[in-house]
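Peer 1: The following block contains the structure, expressed as structure tokens.
Protein chains: 2
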Amino acid sequence: MSSVNGFEPWVILLAGGIGSRFWPASTPRRPKQFMPLASSRPLIEDTLERAYAIAASSRVLIVAGGHLRDVIAEYLPDFPTDQLLVEPEARGTAPALAWAAVEIERRASDPARAVMIAMPSDHVIQPLNRFVATLERAITAAGDLGRLITLGIRPSRPETAYGYIEVGPATKAEAFEVARFVEKPDMERARKYVEAGRFLWNSGIFVWRPGTLLDELRTHTPEIAAELERLESGDVPGFFAMMPKNLTIDYGLLERSSKIAVVEAEFDWDDLGAWKAILRLRETDARGNIVVGDGVARDCDGCIIWAEDGPVVVWGVENMIVARAGGITFVAPIERTGELKQLIEDLPGELKKGDA
Amino acid sequence: MSSVNGFEPWVILLAGGIGSRFWPASTPRRPKQFMPLASSRPLIEDTLERAYAIAASSRVLIVAGGHLRDVIAEYLPDFPTDQLLVEPEARGTAPALAWAAVEIERRASDPARAVMIAMPSDHVIQPLNRFVATLERAITAAGDLGRLITLGIRPSRPETAYGYIEVGPATKAEAFEVARFVEKPDMERARKYVEAGRFLWNSGIFVWRPGTLLDELRTHTPEIAAELERLESGDVPGFFAMMPKNLTIDYGLLERSSKIAVVEAEFDWDDLGAWKAILRLRETDARGNIVVGDGVARDCDGCIIWAEDGPVVVWGVENMIVARAGGITFVAPIERTGELKQLIEDLPGELKKGDA
Chain W
1036 MSSVNGFEPW VILLAGGIGS RFWPASTPRR PKQFMPLASS RPLIEDTLER AYAIAASSRV
1096 LIVAGGHLRD VIAEYLPDFP TDQLLVEPEA RGTAPALAWA AVEIERRASD PARAVMIAMP
1156 SDHVIQPLNR FVATLERAIT AAGDLGRLIT LGIRPSRPET AYGYIEVGPA TKAEAFEVAR
1216 FVEKPDMERA RKYVEAGRFL WNSGIFVWRP GTLLDELRTH TPEIAAELER LESGDVPGFF
1276 AMMPKNLTID YGLLERSSKI AVVEAEFDWD DLGAWKAILR LRETDARGNI VVGDGVARDC
1336 DGCIIWAEDG PVVVWGVENM IVARAGGITF VAPIERTGEL KQLIEDLPGE LKKGDA
Chain S
1036 MSSVNGFEPW VILLAGGIGS RFWPASTPRR PKQFMPLASS RPLIEDTLER AYAIAASSRV
1096 LIVAGGHLRD VIAEYLPDFP TDQLLVEPEA RGTAPALAWA AVEIERRASD PARAVMIAMP
1156 SDHVIQPLNR FVATLERAIT AAGDLGRLIT LGIRPSRPET AYGYIEVGPA TKAEAFEVAR
1216 FVEKPDMERA RKYVEAGRFL WNSGIFVWRP GTLLDELRTH TPEIAAELER LESGDVPGFF
1276 AMMPKNLTID YGLLERSSKI AVVEAEFDWD DLGAWKAILR LRETDARGNI VVGDGVARDC
1336 DGCIIWAEDG PVVVWGVENM IVARAGGITF VAPIERTGEL KQLIEDLPGE LKKGDA
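Chains W and S, in that order, are what the protein sequence lines are.
If you use our numbering, the first sequence corresponds to residues 1036 to 1391, in order.
If you use our numbering, the second sequence corresponds to residues 1036 to 1391, in order.
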């Protein structure tokens, strides 16, 4: 769409990530957005398709770390290089989105009509038409209200790996006040949130005018406010060099601003936070196994066998992930893969990076 | 030793095997005798060392299938090629031992004083001095009695994977009558055998005069008797071509002959019948894991991690074998590895053979 109720949508794909969640298949050099996790094509291709359903192709930007330049060129050879914003250093989502907002204000024919949609490049979202319908509501609300809109997902299960948003009263547009953001809860609280009905998962998909973002950053985020002029003058490396190590948009702005609102999504959503997510998304065999590549499951139940670089034979095993990728074999109970990041931190460097 | 009580010991190492028990680390091209399973050197090297402790080096023969010629040359480069008897076709232990007996009668300065000791090349036996002492008794008994002696092992556990020998009365030498051979029992019977005290495991190590063997084969094994002349005339390929597919010495002769006897071994013995055997033989870490090669065990208990061709990371898993060798990754509960042969039969040919 080139315009929604007079607003001009811009999409920012956030393509960062250190590739720990689907290790060893995902690595810093191939974070999960480049893996064919939900279908036979990489997640980032599906994400781009969604982006093009919302915004004109010239208004889709990708923000990524320099370590991903080659892999993006490999997987998305047709993506225009001048729409790829390569971060000089990875400093978290807040500096990345500030840069994107400045770029949109610079590129837009009428910056006051621009609305930017920022989304991770590694989520699974279906179906497309309900995604588009949700975004139309969110773009209109962001444009009309001049607020920072976050998309909320109605919980389908008590999930302890997500942050929650407690929804407040309706605003004037099709969005609601945010009563509060809630950190990842324990299982008992997660169950209560699901029952209560007024809690949504925080999707990490944001919709706002670039001007609203920059104004709110000026007001609430001194680390960025102090350097915004540098960014606007075009000194991107200088700006990033002054940023703290990891300034997320949630912590750095959304939890501080009062100009926030939430739009409930109509689509099905999965952030593929860990290996076990693909059991929800891919079709299993009769005994609940997912076998990818050169894998063989014999007398197995509920296993994920991910055989990307050589045959893997698994026999008489339950609820286990066996992954062979990047030269590394990894075996663990699927339930534990939510803690994978901690395991990897503890491993020798060559294993961490993959391609051992 | 060049002689034991006037008898001249000859050792026959049986180096066959299709490499299914330690698959994928063992394969038809590298059966387990070439694996460093019990120590850091291949089992067959340890076996040769034992052979040289019993017999003069010129009286140690290896009988092996043609598929092992290269691997023997690789692992035992100093072994004299004229002491390697390469079977034209693998037809089981009975034809192999008949051929060895004929060879010994041909090579021995005084065939009537020769005693042959036939042993698999892939057992773990310790300590050497008690092995030698047992063999001295067995050689003397075989020479004096003119019987087919089998070495029996006092059971250390109720084992269902072995055949048992019920021991009868003493003979005139330091050997006992064999009351009967018992096939692999179920667990209940195995427990009874261990309690009864008069049952020994059938080790598959045999001691006899070559003349005794050939005489008994003539009497009890018509398949071989009919072709012995051909063998003695030097037509080895012709002899093997007439043999049935798999004629074992146990079925083909020992269960039929009455000129048998058993000598109880004084040494510790393990036939390494399956992956789990190495848990008995190798030192484990504090949580009972064995990690070989490029393996990493984190929060694991009782696992075998055999990482021969690339890193293997196992996390939070109990009593599992994770093997990566010959290009193949294999995962299964250790308890099931006793049935590995059946699993492999069912796999595609490239996987069966290893080096996929």
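We treat Cβ as the ideally placed atom computed from N, Cα and C, and that holds for glycine.
Pop quiz: S/G1198 and S/F1211 are said to be a contact at Cβ under 8 Å. What is the actual Cβ separation, rounded to whole angstroms?
Peer 2: That pair is no contact at about 16 Å.
Peer 1: Cβ of W/P1368 less than 8 Å from any chain S Cβ?
Peer 2: yes
Peer 1: From W/T1128 to W/T1082, what does the alpha carbon distance come to, in whole angstroms?
Peer 2: 18 Å
Peer 1: By DSSP's criteria, S/L1183 is part of a beta bridge. Which residues make up the other side?
Peer 2: S/I1295
Peer 1: Would you tell me roughly how many angstroms separate the C-alpha atoms of S/A1196 and W/N1237, rounded to the nearest one?
Peer 2: If you draw a straight line from the Cα of S/A1196 to the Cα of W/N1237, it is about 57 Å long.
Peer 1: Show which residues of chain W have a CB atom less than 8 Å away from the CB atom of S/T1364.
Peer 2: A1342, G1345, P1346, V1347, V1348, V1357, R1359 and T1364
Peer 1: Using DSSP with H/G/I as helix, E/B as strand and the rest coil, what is W/T1206?
Peer 2: coil
Peer 1: Can you confirm whether W/R1333, when its beta carbon is compared against all beta carbons of chain S, has any partner nearer than 8 Å?
Peer 2: yes
Peer 1: Going by DSSP, what residue range makes up the alpha helix (DSSP H) through W/D1105?
Peer 2: Residues R1104 to Y1110.
Peer 1: Could you work out which residue in W/Q1068, W/D1105 and W/R1126 is closest to W/I1284 when comparing CA atoms only?
Peer 2: W/R1126
Peer 1: Less than 8 Å between the beta carbons of S/V1046 and S/A1090, yes or no?
Peer 2: Taking 8 Å as the cut-off, the Cβ atoms of S/V1046 and S/A1090 count as close.
Peer 1: Output yes or no for whether 8 Å exceeds the beta carbon distance between W/P1059 and W/A1358.
Peer 2: yes
Peer 1: Assuming contact is defined by CB atoms lying nearer than 8 Å, are S/L1249 and S/L1235 in contact in what I supplied?
Peer 2: no
Peer 1: With burial defined as no fewer than 16 other Cβ atoms inside 10 Å of the residue's Cβ, what is the status of W/P1257: buried or exposed?
Peer 2: Exposed is the call here.
Peer 1: On a CA-only basis, which of W/C1338, W/A1108 and W/A1309 is nearest W/A1321? Give me that one, please.
Peer 2: W/C1338
Peer 1: Quick one: which chain S residues come within Cβ less than 8 Å of W/V1352?
Peer 2: Near W/V1352 (Cβ distances below 8 Å), the residues of chain S are M1355, V1366, A1367 and P1368.
Peer 1: Tell me which residue opens and which closes the beta strand (DSSP E) that S/T1364 is part of.
Peer 2: I1363 to P1368
Peer 1: Cβ closer than 9 Å: which chain W residues qualify as neighbours of S/R1371?
Peer 2: D1334, W1350 and G1351
Peer 1: Less than 6 Å between C-beta atoms, sequence neighbours within five positions excluded: which residues of the same chain meet that for W/A1391?
Peer 2: Because the pLDDT at W/A1391 is just 48, under 50, the model does not fix this residue reliably, and the value given afterwards should be weighed accordingly. Correct list, in chain order: G1362, I1363 and E1385.
Peer 1: Would you mind working out which of S/N1281, S/S1038, S/A1208 and S/P1193 sits nearest S/R1224, comparing C-alpha positions?
Peer 2: S/P1193
Peer 1: Report the neighbours of S/L1386 on chain W: residues whose CB is nearer than 7 Å to its CB, in chain order.
Peer 2: P1346 and V1348
Peer 1: Could you tell me whether the Cβ of S/L1049 comes closer than 8 Å to any Cβ of chain W?
Peer 2: no
Peer 1: Just the chain W side, please: which residues come within less than 7 Å of S/L1378 by C-beta, in chain order?
Peer 2: R1333 and W1350
Peer 1: Taking the beta strand (DSSP E) that W/L1096 falls in, what are its first and last residues?
Peer 2: Here the beta strand (DSSP E) through W/L1096 covers V1095 to G1100.
Peer 1: Please compile the residues from chain W whose C-beta is within a distance smaller than 8 Å of the C-beta of S/L1382.
Peer 2: V1331 and V1348
Peer 1: How many angstroms separate the CA atom of W/L1316 from the CA atom of W/L1163?
Peer 2: 16 Å
Peer 1: Assuming S/D1334 and S/G1345 form a contact by the criterion Cβ under 8 Å, report the distance between their Cβ atoms to the nearest whole angstrom.
Peer 2: Not confirmed; about 21 Å, so no contact.
Peer 1: Can you find the residues in the same chain that come closer than 8 Å, C-beta to C-beta, to W/N1324, ignoring five residues on each side of it along the sequence?
Peer 2: A1332, C1335, D1336, G1337, C1338, I1339 and I1340
Peer 1: Check the DSSP bridge columns for S/F1042 and list the partner residues they point to.
Peer 2: S/V1039
Peer 1: My output table needs one value for S/I1240: the three-state DSSP class, helix, strand or coil.
Peer 2: strand
Peer 1: How do the stretch 1142-1158 of chain S and the stretch 1365-1381 of chain W stand: do at least 3 beta-carbon pairs fall below 8 Å, yes or no?
Peer 2: no
Peer 1: Determine which residues share a DSSP beta bridge with W/Q1161 and list them.
Peer 2: W/D1303
Peer 1: What does DSSP give as the partner residue(s) for S/V1327 in the beta ladder?
Peer 2: S/W1341
Peer 1: One question on the structure: do S/P1155 and S/G1287 come within less than 8 Å of each other, judged by their Cβ atoms?
Peer 2: no
Peer 1: Give the range of the beta strand (DSSP E) segment to which S/V1120 is assigned.
Peer 2: For the record, residue 1120 of chain S in the displayed sequence is Leu; it is not Val. Residue range L1119 to E1122 is occupied by the beta strand (DSSP E) that includes S/L1120.
Peer 1: Since S/F1042 and S/I1174 are thought to touch, with beta carbons under 8 Å apart, how far apart are those beta carbons, to the nearest angstrom?
Peer 2: So it is a contact: roughly 5 Å between Cβ atoms.
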